[in-house]
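In terms of this note's numbering, the sequence shown opens at residue 46 and continues consecutively. By construction, the Cβ of each residue, glycine as well, lies at the ideal position given by its N, Cα and C atoms. Quick caveat, the model's predicted, so the values are computed rather than measured. Data block below; observations after.
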Amino acid sequence: MIMNSKITQKAAFFFFLLATLLIVIPVGLIVFIIVIKGAPAISWDFLFSMPRDGMRAGGIFPAIIGTICLVVGSIAFALPIGVLAAIYLSEYSRDNLLTRIIKLAIVNLSGVPSVIFGLFGLALFVVFLGFGASILAGSLTLGIMVLPIIIAASRVALESVPMSFREVSLSLGASKWQTIRHIVLPNAIPGIMTGTILEIGRAAGETAPILFTVAAFYLPQLPKSIFDQAMALPYHLYVISTQVPNVDEKIRYGTALVLLALVLSVNLIAIIIRYKLRKNKKW
Numbered sequence: 046m047i048m049n050s051k052i053t054q055k056a057a058f059f060f061f062l063l064a065t066l067l068i069v070i071p072v073g074l075i076v077f078i079i080v081i082k083g084a085p086a087i088s089w090d091f092l093f094s095m096p097r098d099g100m101r102a103g104g105i106f107p108a109i110i111g112t113i114c115l116v117v118g119s120i121a122f123a124l125p126i127g128v129l130a131a132i133y134l135s136e137y138s139r140d141n142l143l144t145r146i147i148k149l150a151i152v153n154l155s156g157v158p159s160v161i162f163g164l165f166g167l168a169l170f171v172v173f174l175g176f177g178a179s180i181l182a183g184s185l186t187l188g189i190m191v192l193p194i195i196i197a198a199s200r201v202a203l204e205s206v207p208m209s210f211r212e213v214s215l216s217l218g219a220s221k222w223q224t225i226r227h228i229v230l231p232n233a234i235p236g237i238m239t240g241t242i243l244e245i246g247r248a249a250g251e252t253a254p255i256l257f258t259v260a261a262f263y264l265p266q267l268p269k270s271i272f273d274q275a276m277a278l279p280y281h282l283y284v285i286s287t288q289v290p291n292v293d294e295k296i297r298y299g300t301a302l303v304l305l306a307l308v309l310s311v312n313l314i315a316i317i318i319r320y321k322l323r324k325n326k327k328w
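Take a look at the structure:
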């Protein structure tokens, strides 16, 4: 019996290790290839100058700035709305048919293809509301796309706070909102940050939504307001890889490397903030 248990344990360990390697190895190879082929393109001129010669020369500075603007804009729109919606669903709403339908709809929305959100943003923000192809329209579209992820992650984080915290606060005379504001929400912030990190990665790497709402094919200047078009790294990478002939391979991989580094850097900052917040938790 003991021997069978050891064999089962070793077999389970082997399959868990194999599954991990099947995930880690391909990702590691992709990153390795991008770094090896893209590193020769990285220079001061490449990072901080305007594109020239139909994007065959020069830098990608407008695309970097455009990507940062879109990510910041989508976070500024989606995070407050997502957290407030999660607070309502977890703390105020009753468990009935309507709330179950809403929760199911949120889960389903997180699996909708990004091109559908792009068409929605085109119809609502670009055409109906008259924002045109702009940073504002692109940010709102990306914000709506990542909103289900933030709501789901925030709701799980809020519900993970022990009920005893709420009971003690209410027994001391605090109102329900004061309990949520000063007790529940501070303890749920690390989990909310997890949803934000996922949002950052998806918003920075999407191409279809910005293709319809903001991205410019070739714009060798920086945007001056949120109503201007902008270049973005994902769309820029797509264009120089498929639409512009005779582009040096290292420029394509260099652009991919910058996009990867930008996403990882922002995620790293968010992870550090989450780690510091988790250290302050008392449970």
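Euclidean distance between Cα positions of residue i and residue j
i                : j              : result
alanine 197      : proline 107    : 33 Å
threonine 252    : tyrosine 280   : 5 Å
aspartate 98     : isoleucine 255 : 24 Å
phenylalanine 77 : leucine 217    : 56 Å
glycine 127      : valine 72      : 30 Å
isoleucine 316   : serine 310     : 10 Å
threonine 144    : alanine 306    : 40 Å
serine 209       : proline 158    : 40 Å
lysine 51        : threonine 65   : 21 Å
Identified DSSP bridge partners for residue i
i           : result
glycine 103 : Pro96
alanine 260 : Ala275
Of the listed residues the options, nearest to residue i (C-alpha basis)
i             : options                           : result
tyrosine 320  : Ser159, Gly83, Met238 and Ala261  : Met238
isoleucine 79 : Ala121, Val311, Ile317 and Glu294 : Glu294
glycine 83    : Val206, Val292 and Arg297         : Arg297
glycine 156   : Phe170, Leu143 and Val191         : Val191
threonine 287 : Ile81, Asn49 and Arg101           : Arg101
Contact check, residue i vs residue j, beta carbons under 8 Å
i                 : j              : result
lysine 148        : leucine 164    : no
threonine 258     : alanine 178    : yes
isoleucine 180    : proline 268    : yes
isoleucine 105    : valine 303     : yes
isoleucine 234    : proline 193    : no
phenylalanine 176 : alanine 182    : yes
leucine 282       : alanine 301    : yes
phenylalanine 262 : valine 292     : no
threonine 224     : isoleucine 195 : no
leucine 278       : isoleucine 109 : yes
Cβ-heavy atom distance, residue i to the ligand ADP, below 7 Å
i          : result
serine 286 : This structure lacks the ligand ADP, and indeed carries no ligand of any kind.
> How do the stretch 267–275 and the stretch 201–215 stand: do at least 3 beta-carbon pairs fall below 8 Å, yes or no?
Replying inline: no
> Any contact of the stretch 205–221 with the stretch 82–97, i.e. 3+ C-beta pairs under 8 Å?
Replying inline: no
> Are at least three pairs of beta-carbons, each pair with one atom in the stretch 227–247 and one in the stretch 104–120, less than 8 Å apart?
Replying inline: yes
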